[in-house]
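Structure, as structure tokens:
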Amino acid sequence: MNYRIYIAEKLNITDIAAGDIALPPNSEMGDYALPCFKLAKVFRKSPVQIAEELKNGFVCDSIISEVNAVNGYLNFKINKVGLAQNVISEILKSGENYGSSEEGKGKTVCIDYSSVNIAKPFHIGHLSTTVIGGALYKIFNHLGYKVVGINHLGDYGTQFGKLICAYKKWGNKEDVQNGGIHAINALYVRFNEEADEKMEAEAREYFRLIESGDKEANELFEWFKSLTLDYVKKIYDKLNITFDSYAGERFYTDKMQPVIDELKQKNLLKISDGAQIVDLEPYGMPPCLILRSDGASLYATRDLAAATYRKKTYDFYKCLYVVAYQQNLHFNQIFKVLELMGKPWAKDLVHVAYGMVSLEDGAMSTRKGKVVWLEDVISKCVEKAYAVITEKNSALENKDKIAETVGLGAVIFGALYNNKIKDITFSYDKVLSFEGETSVYVQYTCARANSVLEKSGQKIQLPPEYMPDNVESEVVKTLALFPQTVHDAAEKYEPSLIARYAVDLAQKFNKFYIECKILTETGDTKDFRLALTKATHTALKCSLSLLGIGAPEKM
Ligand code: ARG
């Protein structure tokens, strides 16, 4: 049950919605609160007076046990017995579907994420887009939306001409087949270091051959592409990431002309230094380049075609682009151009921008050649996870498998825990700490709850009419917040809300675990505590799974 909605509906005031019901900073005051300041204008009365009047008109029931007016706030106390019954039984009933809803029924959300570049390193800089996009995918799905995950491959451009040229000169089939993406990337890097004018000209010719449908050039290109995709798909599997479409930039080759024609027809194209542009000066932006003076299309041209295609194909309710904030201008430009073209759906395009990830030792930049491959970050985390879990519990069985789940969780959670727009420094020790705000801590708590349940060997039955004490109540209240958290995470495109929720719930549960006996209790108290443990175990697993993280049964 969503208490905010319940309270808002019970108040029945036109200007008040569930979102206006807040959580007081300290639960002594109440479990929920309505600040009455916003209403002062509407009712032309002071917030204090409004709170007082609302209090007098409010009738408590089996769900809300007490209401108080304090300094312009209306504070609600929830009936603890009823709350515990409601929340725990709902979780026991829904299991892994806890927090799911049908709010997105009939709506499609496209998510453009990870969007790798063929033949280029899949590096630490791709971590955020991959895991934020992957989490949003699962979150929207949980809320009943149809989700289309799109990997908008960077598979277009002159670099592929260079690559073919380098391969012809220095490469051989066997080495590339065996070396995969690393081998092709090495060829590309070598081209950039060593190519002379003659090779540059050859590379342009190879690019032209790809474009004109030449068989050999296209076979080579497709081969490079499949080597890259085979490689990244292995990483996606580990990270629990899936895509419904790999339509990349090249896919739009024949879909740009209609967009260009439409721009022309709507008088939006201007010629500037021989290039075709859309002037965005009135909107405080540099022009959006559509065709270069040599007639070549650009990244933006393909994105205009892609957005148009997605609307036509999926009729999306929202189309998200999970791309670093460095591309803010690019997305502002293409969204504006589509708006100027009169596309009413331009307002449904959202750039979900995120900050940079760097490693503690400062390594990260591609240009400086200090590339950190994501694969290596993952292996290192898994390796360290093995050491960390062994230290904690050397007798643990299946350590390899558990280390894999813990290590991968740490990579994902490390990138998801902070507000997405923040730049983060990735620290192996921090993300693998049992004590910190980490996935390891959440997973460990999950395993702890599981162990209690296993030891009890008892069927879970929630005793009716049980009055939880304060520590138990805190766990119950946190459990109740999950559905709203999932909703907020989708609305704000912010998976970190779920990561933070998981840590909060784990902390509350651990306080309960330390302060309250469970297995040595008897009767209703034992039954209630086991039910609470089971509900927490479920909610923690749900939270982790929405982020793409597994929960080992033992740790
Ligand atoms: N491949 C691009 C890059 O690595 C990201 C593509 C993002 N998606 C898009 N539709 N522009 O920068």
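The working numbering puts the first residue of the sequence shown at 716, with every later residue one more than the last.
Each residue gets a CB set at the ideal place from its N, CA and C atoms; glycine is no exception.
Keep in mind it's a predicted model, so treat the numbers as computed, not measured.
The beta carbon of residue 832 sits closer than 7 Å to at least one heavy atom of the ligand ARG. Secondary structure note for residue 1096: its alpha helix (DSSP H) is the uninterrupted segment 1089 to 1107. Per DSSP, the continuous beta strand (DSSP E) segment holding residue 790 begins and ends at 788 to 793.
The alpha-carbon separation between residue 1014 and residue 964 amounts to approximately 8 Å. One alpha carbon belongs to residue 831, the other to residue 898, and they sit about 17 Å apart. Residue nearest to residue 1171 within the set 1233, 1206, 1136 is 1233 (criterion: CA-CA distance). Of the heavy atoms belonging to the ligand ARG, none sits nearer than 7 Å to the Cβ of residue 1239. Of the heavy atoms belonging to the ligand ARG, none sits nearer than 7 Å to the Cβ of residue 1066. A contact is defined here as three or more CB-CB pairs under 8 Å, and the segment 1000 to 1007 meets this definition with respect to the segment 1038 to 1058. Residue 1148 and residue 1229 have their alpha carbons spaced roughly 20 Å apart. Residue pairing by DSSP places residue 1066 opposite 1036 in a beta bridge. Scanning 1204, 1257, 1213, 1183 for the CA closest to the CA of residue 1241 turns up 1183. Checking the 7 Å criterion, the Cβ of residue 867 is within range of a heavy atom belonging to the ligand ARG. Counting C-beta atoms within 10 angstroms of its own C-beta, residue 923 has fewer than 16 neighbours from the protein chains shown and is therefore classed as exposed. Not one heavy atom of the ligand ARG sits closer than 7 Å to the Cβ of residue 1069. DSSP places residue 1236 outside both helix and strand once states are collapsed to three, so it counts as coil. Across the structure, residue 762 and residue 754 are spaced so that their CA atoms are roughly 7 Å apart. Here DSSP, grouped into helix, strand and coil, assigns residue 841 to helix. Excluding the 5 residues flanking it on each side, residue 1025 has same chain C-beta neighbours closer than 7 Å at 825, 1031, 1034, in chain order. Per the Cβ contact rule, the segment 938 to 950 is not in contact with the segment 802 to 818 (fewer than 3 Cβ pairs under 8 Å). Residue 1125 sits close to residue 1153, with the two beta carbons spaced by under 8 Å. Distance from residue 1069 to residue 1136 at the Cβ level is roughly 6 Å; contact confirmed, criterion being Cβ atoms closer than 8 Å. Residue 1211 places its beta carbon less than 8 Å from that of residue 1133.
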